[in-house]
Amino acid sequence: MPQRGRGRARRDPLVCDRPGRRRIDVQALAQQAVERLRLEGPDIGIVPRPDGKGLVGMPVWMWNRPGPTRTGPATASASAGSVTVTATATVRTVVWSMGDGTTVTCTGPGTPYTPDRGKEMSPTCWHMYERTSAQAPGGRYPVTATTIWDIAWSGAGQTGTITTTRQSTTGLATGELQVLNVP
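Note that the working numbering numbers the sequence shown so that position 59 is 735, with each residue one more than the last.
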């Protein structure tokens, strides 16, 4: 069998179940429909920006920029003979590993930061660092955003669900602001 995608063998949706008779493997068609979705990891939106520097005790805003292959819903189909299977993917959650040992789970794409928000916390998806990133590799916290997708498929009177994940990474530098009061 030819290899395709992430090292998995691709199943042929037409299989012989006895000599001279072929039937359609609906689950193999579902897998082909899932591959055609071309789901991607999050398009990370984060403030402070990765090319800037955040501060300990200041909120970090996180969001996944919208798009069908990044936030869903995304739909694709695959056919063999007279059978068509359709798969629809929707994002269940985005799990953010913040590099300081903290994991933040957000149930939606998050809220994009706008300058008028100032120093307030995101209403949907945020984190606050308690230590600088000075001891982290390269002086930056490695941030990984993992999208958990639920994919519902149906065809030929059958249905099913598949869960899959996609990841994206960035890094954030976080420093300390020290204030000295002098009379």
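Note that the Cβ used here is the ideal one computed from N, Cα and C, for glycine as well.
Being a predicted model, the structure only gives us computed values, none of them experimental.
The alpha helix (DSSP H) spanning Q811 covers which residue range? Careful: Q811 lies outside any alpha helix (DSSP H) and carries neither H nor E.
Range covered by the beta strand (DSSP E) that runs through Q843: Q834 to G851
If you draw a straight line from the C-alpha of S844 to the C-alpha of T747, how long is it? 13 Å
Here's a check: name, in chain order, each residue in its chain whose Cβ is nearer than 6 Å to the Cβ of T766, leaving out the five neighbours to either side. G748, P749 and D826
Between which two residues does the beta strand (DSSP E) carrying R793 extend? Where R793 is concerned, there is no enclosing beta strand (DSSP E), given that its DSSP letter is neither H nor E.
Would E852 be called buried (16 or more neighbouring beta carbons within 10 Å of its own) or exposed? exposed
When the Cβ atoms of the segment 777-789 are set against those of the segment 828-836, are three or more pairs found closer than 8 Å? no
For A821, I'd like the list of residues in its chain whose CB is within less than 6 Å of its CB, leaving aside the five on either flank, ordered along the chain. A distance below 6 Å between beta-carbons, with the five flanking residues on each side excluded, links A821 to the following residues of its chain, in chain order: P718, I720, V770, W772 and S844.
Less than 8 Å between the beta carbons of L713 and A752, yes or no? yes
Under 6 Å Cβ to Cβ from T745, same chain only, skipping five residues before and after it: list those, please. R714, L715 and E716
Could you give the distance in angstroms between the alpha-carbon of T841 and the alpha-carbon of V858? 53 Å
Which residue marks the beginning of the alpha helix (DSSP H) containing L713, and which one marks its end? V702 to L713
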